[in-house]
Amino acid sequence: MRCNEMKKGQLLVCEDCGFEVQVVKECGEECDLGACCTGDISCCGKPMKLKE
Ligand SMILES: [Zn+2]
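Here this note's numbering = 1-based position in the sequence shown + 14.
The structure is reproduced here in structure tokens:
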């Protein structure tokens, strides 16, 4: 998941170490071309998974 695809309240989890992050505030449309949105949010070298 890239940060500009995530909605408030969604959780990402790392399947390797169990690290979890939750979206408290969404990034805005100005983030579309931001450096933080060029790839998946990752932990332990892998993309983090959305937790249902
Ligand atoms: Zn991890």
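By construction, the Cβ of each residue, glycine as well, lies at the ideal position given by its N, Cα and C atoms.
Going straight from the alpha carbon of residue i to that of residue j, what length do you get?
i          : j          : result
residue 62 : residue 28 : 5 Å
residue 20 : residue 37 : 7 Å
residue 56 : residue 42 : 20 Å
residue 15 : residue 25 : 11 Å
residue 31 : residue 54 : 17 Å
residue 74 : residue 52 : An answer regarding residue 74 cannot be provided, because it is not within the stretch 15 to 66 covered by the chain.
Would you grab the beta carbon distance between residue i and residue j for me? Rounded to a whole angstrom, and I think it's under 8 Å.
i          : j          : result
residue 40 : residue 22 : 5 Å
residue 45 : residue 17 : 7 Å
Worksheet entry | Within 6 Å of ligand 1: residues by beta-carbon to any heavy atom | 28, 30, 31, 33, 57 and 58
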